[in-house]
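Quick notes on the structure that follows.
In this note's numbering, the protein residues as written are 38 to 349.
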């Protein structure tokens with residue numbers, strides 16, 4: 038029955054003499070068009086990018102603004118997301134007390150390394166920095182400090198000639214003002230584009246830190262994720278006190294390089310190169326969550342430095 042009705046309708050539809058057939062044909066064509074195009078929304082809605090951020094450790098989806106309020110610490114697993122120099126200033130330094138120094142010190146290209154100048158331009162645009170370290174004078178808990186903040190957004194925080202120059206000038210400033218030196222380390226190591234110019238900064242900064250120690254001044258190193266290579270092999274491990282953020286990767290060579298050297302794809306030991314393992318083996322003094330770091334620094338400076346009249 039249905040087949041016969043369909044044949045009659047089709048005959049009517051295809052009959053050029055039937056006015057009803059023309060109407061039916063128009064309706065059928067419209068129906069097929071609707072089936073092809075589907076139902077369209079009158080308003081095209083866009084979902085903004087970056088509102089929700091999936092935790093790389095536990096997989097929990099976090100609301101970006103909530104993460105900002107928590108200093109980029111996952112509320113589920115306490116994973117510490119990497120943050121930049123300005124966030125650390127806001128986190129560590131007393132409001133309104135920070136003054137940048139040596140802002141115009143910038144890298145050069147002594148070896149004319151291919152593509153290096155383009156990488157510098159890209160890193161400046163991404164980080165807002167002229168070099169991988171940001172230096173200045175400020176206060177933590179009312180105590181004057183000379184502060185250096187490395188930022189991995191600039192060429193993965195690598196140690197270059199200008200980085201070493203800024204750090205050495207900051208150490209000189211700390212000695213001149215008789216204040217504590219604090220360096221927040223976040224680096225992939227020495228900068229290959231500057232070769233020996235980069236490597237010599239390890240010895241140069243270490244010699245300056247020896248002068249600081251001979252002057253009886255305190256140096257606190259804060260190791261964040263990641264701290265690798267020439268930075269680990271020099272000033273990151275020379276602090277009178279070495280603190281680290283939870284879960285920070287700390288080492289010399291990266292895990293992939295180590296596996297390639299060993300010629301194996303076998304997994305490395307659990308917790309390898311993490312701050313917790315480094316602490317267990319005695320290479321750092323304490324692991325401090327980011328949101329408690331400022332209070333811990335103020336406490337250590339109070340305990341380990343001569344008190345001024347304002348703090349007696």
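For glycine and all other residues, C-beta sits at the position ideal for the given N, C-alpha and C.
Keep in mind that this is a model prediction, so the values were computed, not measured.
Top-ranked residue by Cα proximity to residue 333, from 180, 224, 109 | Position 296 of the chain shown holds residue 333. Ranking 180, 224, 109 by Cα distance to residue 333 puts 180 first.
Identify the continuous alpha helix (DSSP H) that holds residue 153 and give its terminal residues.
-> Here residue 153 corresponds to residue number 116 of the chain shown, with the count starting at 1. It spans 153-164 - the alpha helix (DSSP H) in which residue 153 sits, taken as one unbroken run.
Own chain residues within Cβ distance below 7 Å of residue 288, not counting five before or after | Counting from one through the chain shown, the residue named residue 288 turns up at place 251. Contacts found: 265, 269, 310.
Using the beta-carbon count (16 or more within 10 Å), is residue 109 buried or exposed?
-> Against the chain shown, residue 109 aligns to sequence position 72. With 16 or more Cβ atoms within 10 Å of its Cβ, residue 109 is classed as buried.
What's the C-alpha gap between residue 232 and residue 307?
-> The count along the chain shown starts at 1 and reaches residue 232 at position 195. The count along the chain shown starts at 1 and reaches residue 307 at position 270. Their Cα atoms are separated by approximately 33 Å.
Run of the alpha helix (DSSP H) containing residue 104, from where it starts to where it stops = As a first step, residue 104 is located in the chain shown; it is residue number 67 there, counting from the start. Residues 101-106.
C-alpha distance - residue 154 paired with residue 200, whole-angstrom precision = In the chain shown, counting from the first residue as 1, residue 154 sits at position 117. In the chain shown, counting from the first residue as 1, residue 200 sits at position 163. In a straight line, the C-alpha of residue 154 is about 16 Å away from that of residue 200.
From the DSSP output, in three-state form, read off residue 90 for me.
-> If you number the chain shown from 1, residue 90 lands on position 53. It is a strand residue.
Beta-carbon separation (whole angstroms), residue 273 vs residue 260, contact threshold 8 Å | On the chain shown, position 236 is the one that residue 273 refers to. On the chain shown, position 223 is the one that residue 260 refers to. Yes, they are in contact, since the Cβ atoms of residue 273 and residue 260 sit about 6 Å apart, within 8 Å.
Can you say whether residue 360 is buried or exposed, counting buried as having 16 or more other CB atoms within 10 angstroms of its CB?
-> In the structure as shown, the chain begins at 38 and stops at 349. Residue 360 is therefore absent and cannot be evaluated.
My guess is that residue 175 and residue 134 are in contact by the Cβ rule of under 8 Å, so how many angstroms apart are they, rounded?
-> Walking along the chain shown from the start, residue 175 turns up at place 138. Walking along the chain shown from the start, residue 134 turns up at place 97. So it is a contact: roughly 5 Å between Cβ atoms.
Is any heavy atom of the ligand NAP found at a distance shorter than 7 Å from the C-beta of residue 331?
-> With respect to small molecules bound, the structure shown includes none, and the ligand NAP cannot be examined in it.
In chain order, what residues of the same chain lie with their CB nearer than 8 Å to the CB of residue 212, ignoring the 5 residues before and after it?
-> Counting from 1 along the chain shown, the entry for residue 212 is found at position 175. Same-chain partners within the cutoff: 248, 249, 252, 254.
Do you know offhand how far residue 338's Cα is from residue 303's?
-> Here the question's residue 338 lines up with position 301 in the chain shown. Here the question's residue 303 lines up with position 266 in the chain shown. Residue 338 and residue 303: Cα-Cα distance of roughly 44 Å.
Are residue 20 and residue 186 touching if we call contact CB-CB under 8 Å?
-> The question about residue 20 has no answer here: the residues shown for the chain are numbered 38 through 349.
Measure the alpha-carbon distance for residue 299 versus residue 290 and round it to whole angstroms.
-> Counting from 1 along the chain shown, the entry for residue 299 is found at position 262. Counting from 1 along the chain shown, the entry for residue 290 is found at position 253. Rounded to whole angstroms, residue 299 to residue 290 spans 12 Å at the Cα level.
DSSP on residue 368, reduced to helix/strand/coil?
-> Since the displayed the chain opens at 38 and closes at 349, residue 368 lies outside it and no answer follows.
Just the Cα atoms here: how many angstroms apart are residue 105 and residue 115?
-> Along the chain shown, read from residue 1 onward, the residue named residue 105 stands at position 68. Along the chain shown, read from residue 1 onward, the residue named residue 115 stands at position 78. Roughly 13 Å separates the two Cα atoms.
Identity of the residue in 226, 170, 220 nearest residue 350 by Cα = This structure cannot speak to residue 350, because the chain is shown only from 38 to 349.
Would you kindly work out how many angstroms separate the C-alpha atoms of residue 146 and residue 189, rounded to a whole number?
-> As a position in the chain shown, residue 146 is number 109, starting the count at 1. As a position in the chain shown, residue 189 is number 152, starting the count at 1. Their Cα atoms are separated by approximately 20 Å.
Could you check if residue 100 is buried or exposed, using at least 16 other CB atoms within 10 Å of its CB as the buried criterion?
-> By one-based count along the chain shown, residue 100 stands at place 63. Residue 100 should be labelled exposed.
Only counting runs of 3 or more residues, tell me where the beta strand (DSSP E) segments fall wholly within the stretch 179-219, in order along the chain.
-> 180-187
Inter-residue spacing [alpha-carbon to alpha-carbon] between residue 207 and residue 198 = Residue 207 sits at position 170 when you count from the first residue of the chain shown. Residue 198 sits at position 161 when you count from the first residue of the chain shown. Those two C-alpha atoms are separated by around 14 Å.
With a Cβ-Cβ cutoff of 8 Å, do residue 242 and residue 205 count as a contact?
-> Walking along the chain shown from the start, residue 242 turns up at place 205. Walking along the chain shown from the start, residue 205 turns up at place 168. In this structure, residue 205 lies closer than 8 Å to residue 242 by Cβ.
To the nearest angstrom, how far is it from the Cα of residue 280 to the Cα of residue 121?
-> Residue mapping note: residue 280 aligns to position 243 of the chain shown, counting from 1. Residue mapping note: residue 121 aligns to position 84 of the chain shown, counting from 1. C-alpha separation (whole angstroms): 18 Å.
Skipping 5 residues on each side, what residues in its chain have a beta carbon closer than 7 Å to that of residue 203?
-> Numbered from its first residue, the chain shown carries residue 203 at position 166. Cβ neighbours of residue 203 beyond the five flanking positions: 139, 142, 168, 170, 172.
Beta-carbon contacts of residue 193 that lie in its chain and below 6 Å, excluding the five residues immediately before and after | Taking the chain shown and counting its residues from 1, the one referred to as residue 193 is at position 156. 225, listed in sequence order.
Supposed close pair residue 244, residue 235 - CB separation, criterion 8 Å | Translated into the one-based positions of the chain shown, residue 244 becomes position 207. Translated into the one-based positions of the chain shown, residue 235 becomes position 198. With a Cβ gap of about 16 Å, residue 244 and residue 235 do not count as contacting.
Since residue 173 sits in a beta bridge, which residues does DSSP pair it with?
-> As a position in the chain shown, residue 173 is number 136, starting the count at 1. In the DSSP output, where bridge partners are listed per residue, residue 173 has 137, 184.
CA-to-CA distance, residue 98 to residue 39, given in whole angstroms | Stepping through the chain shown from its first residue, residue 39 is reached at position 2. Stepping through the chain shown from its first residue, residue 98 is reached at position 61. Unreliable placement is indicated for residue 39, whose pLDDT of 49 sits below 50; the coordinate value is still reported in the next sentence. Looking at the two C-alpha atoms, the distance is approximately 53 Å.
Considering only residues of the same chain and omitting the five flanking positions on each side of residue 276, which have a CB-CB separation below 7 Å?
-> On the chain shown, position 239 is the one that residue 276 refers to. Counting only Cβ-Cβ distances below 7 Å, and skipping sequence neighbours, we find 256, 257, 258.
Of all the options 130, 240, 278, 325, which has the alpha carbon lying nearest to the alpha carbon of residue 341?
-> Indexing the chain shown from 1 puts residue 341 at position 304. Ranking the options by Cα distance to residue 341, first place goes to 278.
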